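Please read the structure below before turning to the comments.
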Amino acid sequence: MRMEASSKKKRHHKVGRAIGRKVIVVVISGSMLAGPIAELMPDRLQQSIMESVHASSAPVLKLQSESMLTSGAKRLDYMWHTTRKGQSVKTAVHVIEVDLSNPHISLNAMSGVNNSTGQKNHLMNMTKDNGAVGGINGDVFVMTNEGAPLGAQVTSGTLISSPSSLKGMYAFAVTKEREPIVDAFAFTGSVTAQNGGVFPLEGLNQSSYFSEKEGETYSHVNKMFIYTNAWGGAERPANSATKPTEVLVIDGVIEQITYEAPIADPIPENGFILRANGEAAKFVRENLGIGQPLQAEYTLKSQSTGKVVDPASLDMLMGGHTLLVDKGAPSIFTRDIAGVSGTAYTSRSAVGYSKDGKKVYLITSERADGNTGLSLKELQQVMVQLGVYKGLNLDGGGSTTMTERPLGQSGIKLAHSTQQGSQRYVANGIGVFTSAPAGALKGLIVGGSNVMFKGQSATYSVNGYDTYYNPYQVDKSTLEWGVSGKAGSMEDGTFTATATGKAAITVKSGDVKSQYDIQVIGKEDIASIKVNASAGMLTPGSTLSVPITVKLNNGKAYKLSGDSLEWEFVGFEGSYSNGVVTVDSVEKDAKVGYAIARYDGASAMVPFVKGEQVTVVEDFEVSRYAITSQVTPKETTKGGVKLVSDLPGQKKGRALQIAYDFTEGTGTKASYAVFGSDGRTLSGSPSTMSMDVYSDNSKNWLRAEIIGADGAVHLVDVAKELNWDGWKRMHIDLGSQKIAYPAKLKRVYVVTIDQDSDKRKPAGAVAIDNIELRTSASVTEPPRSQITMTVGQTKALVDGKAIKLEAGPILLNGSSYVPVRFVTEAMGAEVLYEHETRRVTVLRGNQMLEMNIGKKGYMLDGVSYPSEVAPFTRNGRTLIPVRLFSEKLGFDVDYDDEKRMIIIQ
3 MRMEASSKKK
13 RHHKVGRAIG
23 RKVIVVVISG
33 SMLAGPIAEL
43 MPDRLQQSIM
53 ESVHASSAPV
63 LKLQSESMLT
73 SGAKRLDYMW
83 HTTRKGQSVK
93 TAVHVIEVDL
103 SNPHISLNAM
113 SGVNNSTGQK
123 NHLMNMTKDN
133 GAVGGINGDV
143 FVMTNEGAPL
153 GAQVTSGTLI
163 SSPSSLKGMY
173 AFAVTKEREP
183 IVDAFAFTGS
193 VTAQNGGVFP
203 LEGLNQSSYF
213 SEKEGETYSH
223 VNKMFIYTNA
233 WGGAERPANS
243 ATKPTEVLVI
253 DGVIEQITYE
263 APIADPIPEN
273 GFILRANGEA
283 AKFVRENLGI
293 GQPLQAEYTL
303 KSQSTGKVVD
313 PASLDMLMGG
323 HTLLVDKGAP
333 SIFTRDIAGV
343 SGTAYTSRSA
353 VGYSKDGKKV
363 YLITSERADG
373 NTGLSLKELQ
383 QVMVQLGVYK
393 GLNLDGGGST
403 TMTERPLGQS
413 GIKLAHSTQQ
423 GSQRYVANGI
433 GVFTSAPAGA
443 LKGLIVGGSN
453 VMFKGQSATY
463 SVNGYDTYYN
473 PYQVDKSTLE
483 WGVSGKAGSM
493 EDGTFTATAT
503 GKAAITVKSG
513 DVKSQYDIQV
523 IGKEDIASIK
533 VNASAGMLTP
543 GSTLSVPITV
553 KLNNGKAYKL
563 SGDSLEWEFV
573 GFEGSYSNGV
583 VTVDSVEKDA
593 KVGYAIARYD
603 GASAMVPFVK
613 GEQVTVVEDF
623 EVSRYAITSQ
633 VTPKETTKGG
643 VKLVSDLPGQ
653 KKGRALQIAY
663 DFTEGTGTKA
673 SYAVFGSDGR
683 TLSGSPSTMS
693 MDVYSDNSKN
703 WLRAEIIGAD
713 GAVHLVDVAK
723 ELNWDGWKRM
733 HIDLGSQKIA
743 YPAKLKRVYV
753 VTIDQDSDKR
763 KPAGAVAIDN
773 IELRTSASVT
783 EPPRSQITMT
793 VGQTKALVDG
803 KAIKLEAGPI
813 LLNGSSYVPV
823 RFVTEAMGAE
833 VLYEHETRRV
843 TVLRGNQMLE
853 MNIGKKGYML
863 DGVSYPSEVA
873 PFTRNGRTLI
883 PVRLFSEKLG
893 FDVDYDDEKR
903 MIIIQ
């Protein structure tokens, strides 16, 4: 690796070409500022740590898939397998591999809003705003400040921010000659007054931090910093523990000086502001005057070679944390890793390059969706297996984010889930850019579901990509569609599944053709089918949301619309529409009803019972968890929550008050009450949620956020308009909301929108109390009887009472078979028989058992099980295996060999 040294060169305030994308970065706390351990440990201990890194239990990195982002960049997805404390674990690892030998590909630093620094943004925005095709989050930063990176940043040859005075912090860069660099950099600079006086510059566009220089604490005390129009922070900077003296310089001439106060005007493109304190402020008073010329010079210096590095010689530079890999092997940590939770298993981000300097690896690992995350030692091993020759750690945890433009598409999306489920606003990121020209059509990508159920229709999209793997606009009217197989039909890009099995969709544009395989699920593919509801109310007009989940034998699960199912109602007349079962009328004397959903022989059931029960969700009388306040947008909205007991008409001791102030800003604004980290559990299958609401007649909107068992977010109206004063009992219909239970009540909030905002109060407070659920009564188990039968005889006893059977039990191949109708009805169950499929259905309490005559295997409560025996008919009577039937429904079965007697109880 070669670095060009240059003389110290004057660097101006002007920012290079806009390169911006929103990035997610983990916030680093003060613990990060501990000293570098490599400088503190003796060589023997360093060697011991190195040996422990290499002595891991043979972990392996397996490639799962790969795809092109653009010419010179591709996405690689891996699975990392290792052992921790004797347990096998795995985590997903994602890589954007960039080929620097490809002239069409480049890397650049992206930051903040409009490529500013000191304004956090998330990676998705940065990627979109700057026209990148992919990227990862970048440098660490102090979360409580504006969000300027702690390391240096160079964008398009312009120094945007300087490195902090912290030890052991490394950075990644690419030179104008397209050579990658990993090194530790320092900032050096000074200002020269008209009278010849010189004062050193401490840094450029930096937030405050705790200095590691001996005898110093706060970074900005007695120091001079320079701020350009790239600075986006509201202050210069926040939380500095100092009062500023500031100097505005435009075109090299001092235009304004303020003492112990900031300059109010924005920094122009052709100017900068010197920010001084203490000794630096003294220099300003004694040496600088309005109208005088002033010269500012600054540059970077390599800490490994001591040579000056002109930022203009770099395409980009991104600061980071500790060195992880050096010369193709795990390195000693150059900085204490406690501040980045180095020993914990969490999401990680890293960057490095290959030995020949041709490839750059942008790396993330997940701690989400079943992935366990990595420690920094494991990340070192991952990087070595990827082929990294030298690389460093970037911000991780909740900041870890990767974006991509999928092949054939023009939009940007997240490449994988984030640790917190949403994107964190971060300091900066590394973007991948292409300058390739438009090429000819090379390939077609069909998009749409590859798993379908009978009766479903799906429309498929087609995206093209050119010879440089960039999006190619395909004329949809020229596409030729086709399908092979007997599972369905294809018309104008829409496939309709009519039978189970496999199908292959084909699409053609000119000489370019693509195939897309589809599987239409059948019963043999299904492990279970589940109605995500516990019970409904058996009263005319009642409704129950019935989300359906189908789990396949391969472990994958799918949400299934009830429109793809056949519905059977027992004990009532009912109907299904748009995810909801409605009880139309109830049969006379029916105490329990059943809604049975069937698909290709697989089935699931939800019971309906008479009566209801009331469950208290929260009455706020006892503090069991933290109730916190959130607002959006946080820049302009104010709010708060507290427990109060002095509201007019308050019935009980305490209620929860939600205050809001929507005075500033525009758009949708909300003030939230957040119910702990997990929310309040909503169990059963409630028809209604009720709560007391104290309204301030503000005409604002009161809503609740509920997270279903399937992760779906449901926003329900508590009061569409708060148009009264005082208390009112509000009832929220949950039966038709399609919520999967058990669910979580996460937040209740006051919200306003722009439309008619002048008719609503901009500030005030409401309160809620006595949150309750109304659910159906629990399903009771029918009374049990004791049944005694003898093989080959038609006499039986039910609770000691003699009964005459039309067909007696038989013994066949070592298994006992009993007449199904007699046994089920004696046990308080209901039996149904379907002649066409020869299906036997047994319903008892909240259980359902289904078997088919002559077929082994059965379904119990929606789960498919294998069986070595099958029911059969003899003399017009259906006989079922006694142990299979009885024990699966929770009965005890005894058999007396000598008397050939069967006892069920």
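Everything in the sequence shown is counted per the numbering used here, starting at 3 for the first residue and increasing by one. Glycine included, every Cβ here is placed at the ideal spot set by N, Cα and C. Source: prediction; values computed, not measured.
Legend entry - Cα-Cα separation between Val453 and Glu707, rounded to whole angstroms: Position 451 of the sequence shown, counted from the first residue, corresponds to residue 453. Position 705 of the sequence shown, counted from the first residue, corresponds to residue 707. About 31 Å.
Legend entry - DSSP-derived helix/strand/coil call for Pro549: By 1-based counting over the sequence shown, the position of residue 549 is 547. Coil, per DSSP.
Legend entry - As assigned by DSSP and simplified to three states, the class of Met126: Numbered from its first residue, the sequence shown carries residue 126 at position 124. Met126 falls in the helix class under three-state DSSP.
Inset, instruction - Would you give the residue range spanned by the beta strand (DSSP E) that Leu65 belongs to? - result: Against the sequence shown, residue 65 aligns to sequence position 63. Here the beta strand (DSSP E) through Leu65 covers 62–72.
Inset, instruction - Grab me the residues of Ile789's own chain with a C-beta within less than 6 Å of its C-beta, minus the 5 sequence neighbours each way, in chain order. - result: Here residue 789 corresponds to residue number 787 of the sequence shown, with the count starting at 1. Counting only Cβ-Cβ distances below 6 Å, and skipping sequence neighbours, we find Val800, Ala828, Ile906.
Inset, instruction - Could you round the C-beta distance between Glu620 and Arg682 to whole angstroms and report it? I think they count as a contact, below 8 Å. - result: Here residue 620 is taken as the residue at index 618 of the sequence shown, counted from 1. Here residue 682 is taken as the residue at index 680 of the sequence shown, counted from 1. Indeed they touch by this definition, with Cβ atoms about 6 Å apart.
Legend entry - Inter-stretch contact at 8 Å, needing at least 3 Cβ pairs: the stretch 572–583 / the stretch 767–774: no
Legend entry - Three-state secondary structure assigned by DSSP to Val100: Walking along the sequence shown from the start, residue 100 turns up at place 98. In the structure shown, Val100 sits in a strand (DSSP, three-state: E or B).
Inset, instruction - Less than 8 Å between the CB atoms is what I'm expecting for Ala809 and Asn877, so what's the real figure, rounded? - result: For the purposes of this step, residue 809 is taken as the residue at position 807 of the sequence shown. For the purposes of this step, residue 877 is taken as the residue at position 875 of the sequence shown. Confirmed, about 6 Å.
Inset, instruction - Throw me the rounded Cβ distance for the Asn207 and Ala150 pair, which I believe falls under 8 Å. - result: Stepping through the sequence shown from its first residue, residue 207 is reached at position 205. Stepping through the sequence shown from its first residue, residue 150 is reached at position 148. Their Cβ separation, rounded to whole angstroms, is 6 Å, which keeps Asn207 and Ala150 in contact under 8 Å.
Inset, instruction - Have a look at the DSSP bridge pairing and note the partners of Thr920. - result: There is simply no residue 920 to check, as the chain begins at 3 and stops at 907 in what is shown.
Legend entry - Selection from Gly199, Leu168, Gly234 that minimises the alpha carbon distance to Glu218: Along the sequence shown, one-based indexing puts residue 218 at 216. Nearest of Gly199, Leu168, Gly234 to Glu218, Cα basis: Leu168.
Legend entry - For Asp756: DSSP bridge partner residues: Translated into the one-based positions of the sequence shown, residue 756 becomes position 754. Note: Asp756 sits in no beta bridge, so no partner.
Inset, instruction - Would you check if there are 3 or more beta carbon pairs closer than 8 Å linking the stretch 604–620 to the stretch 842–855? - result: yes
Inset, instruction - For the stretch 342–414, list the beta strand (DSSP E) runs that are entirely contained and at least 3 residues long, ordered along the chain. - result: 350–355, 361–367, 392–395, 404–406
Legend entry - Delimiting residues of the alpha helix (DSSP H) encompassing Lys890: Here residue 890 corresponds to residue number 888 of the sequence shown, with the count starting at 1. Segment 884–890, the alpha helix (DSSP H) holding Lys890.
Inset, instruction - State the DSSP-derived secondary structure class of Glu248, mapped to helix, strand or coil. - result: Here the question's residue 248 lines up with position 246 in the sequence shown. Strand, per DSSP.
Legend entry - Own chain partners of Ala657 with C-beta closer than 8 Å, once the 5 adjacent residues on each side are dropped: Counted from its first residue, the sequence shown places residue 657 at position 655. The answer, listed in chain order, is Phe622, Leu645, Val646, Ser647, Leu649, Asp694, Tyr696, Ala769, Ile770, Asp771.
Inset, instruction - Please go through the same chain and pick out, in chain order, the residues whose beta-carbon is closer than 7 Å to the beta-carbon of Glu204, but skip the five residues on each side of it. - result: Locating residue 204 in the sequence shown gives position 202, where the first residue counts as 1. Within the same chain, Glu204 has close Cβ partners Lys225, Met226, Phe227.
Legend entry - Burial state of Gly372, where buried means 16 or more other Cβ atoms lie within 10 Å: To locate residue 372, count along the sequence shown from 1; it is residue 370. It counts as exposed.
Legend entry - Reference Pro883; option with closest CA among Val865, Gly864, Gly856, Glu900: Within the sequence shown, numbered from 1, the residue matching residue 883 stands at position 881. Per the Cα distances, Gly856.
Legend entry - Neighbour flag for Leu540 against chain D, beta carbons, 9 Å: Note that chain D does not occur in the displayed structure, where there is just one protein chain.
Legend entry - Terminal residues of the beta strand (DSSP E) in which Glu482 lies: On the sequence shown, position 480 is the one that residue 482 refers to. It spans 482–486 - the beta strand (DSSP E) in which Glu482 sits, taken as one unbroken run.
Inset, instruction - For Gly710, collect the residues of the same chain with a Cβ closer than 6 Å to its Cβ; drop the 5 residues on either side in sequence, then sort them by chain order. - result: What you label residue 710 is simply residue 708 of the sequence shown in a count that begins at 1. Only Ile741, Ala742, Ala745 meet the Cβ criterion.
Inset, instruction - Can you grab the Cα-Cα spacing for the pair Glu257 / Glu288, in whole Å? - result: On the sequence shown, residue 257 is found 255 positions in, with the first residue counted as 1. On the sequence shown, residue 288 is found 286 positions in, with the first residue counted as 1. C-alpha separation (whole angstroms): 16 Å.
Inset, instruction - My understanding is that Val144 touches Tyr220, with C-beta atoms under 8 Å, so please give their C-beta distance in whole angstroms. - result: Within the sequence shown, numbered from 1, the residue matching residue 144 stands at position 142. Within the sequence shown, numbered from 1, the residue matching residue 220 stands at position 218. In fact, because the Cβ distance is near 12 Å, the residues do not count as touching under 8 Å.
Inset, instruction - Would you check if there are 3 or more beta carbon pairs closer than 8 Å linking the stretch 128–139 to the stretch 290–303? - result: no
Inset, instruction - Specify, as a first and last residue, the run of the alpha helix (DSSP H) that Val822 falls within. - result: Numbered from 1 along the sequence shown, position 820 holds the residue referred to as residue 822. 822–828 is the span of the alpha helix (DSSP H), which, as asked, contains Val822.
Legend entry - DSSP three-state assignment for Val115, whether helix, strand or coil: In the sequence shown, residue 115 corresponds to position 113, counting from 1. In this structure, Val115 counts as coil in the three-state DSSP scheme.
Inset, instruction - With DSSP as the reference, label Pro151 as helix, strand or coil. - result: The count along the sequence shown starts at 1 and reaches residue 151 at position 149. Strand.
Legend entry - CB contact flag (Ala661, Gly641, <9 Å): As a first step, residue 661 must be located in the sequence shown, where it is residue number 659. As a first step, residue 641 must be located in the sequence shown, where it is residue number 639. Against a cut-off of 9 Å, the Cβ pair of Gly641 and Ala661 comes out as a contact.
Legend entry - Rounded separation between Asp519 and Gly484 - CA only: The sequence position of residue 519 within the sequence shown is 517, counting from 1. The sequence position of residue 484 within the sequence shown is 482, counting from 1. Those two C-alpha atoms are separated by around 12 Å.
Inset, instruction - Please name the residue, chosen from Glu832, Phe887, Gln294, that lies closest to Ser817 on a Cα-to-Cα basis. - result: For the purposes of this step, residue 817 is taken as the residue at position 815 of the sequence shown. Here the closest residue by C-alpha is Phe887.
Inset, instruction - Measure the C-alpha to C-alpha separation of Lys701 and Val720 and round it to an integer number of angstroms. - result: As a working note, residue 701 is residue 699 in the sequence shown. As a working note, residue 720 is residue 718 in the sequence shown. If I take the Cα positions, the gap works out to 13 Å.
Inset, instruction - Look at the alpha carbon of Pro44 and the alpha carbon of Ala186, and state the distance between them as a whole number of angstroms. - result: Translated into positions along the sequence shown, residue 44 becomes position 42. Translated into positions along the sequence shown, residue 186 becomes position 184. With a pLDDT of 39 at Pro44, under the threshold of 50, the modelled position of this residue cannot be trusted; read the value that follows with caution. For Pro44 and Ala186, the distance between alpha carbons rounds to 21 Å.
Legend entry - Cα-Cα separation between Gly503 and Met492, rounded to whole angstroms: Sequence index remark: in the sequence shown, residue 503 carries index 501 (1-based). Sequence index remark: in the sequence shown, residue 492 carries index 490 (1-based). Their Cα atoms are separated by approximately 15 Å.
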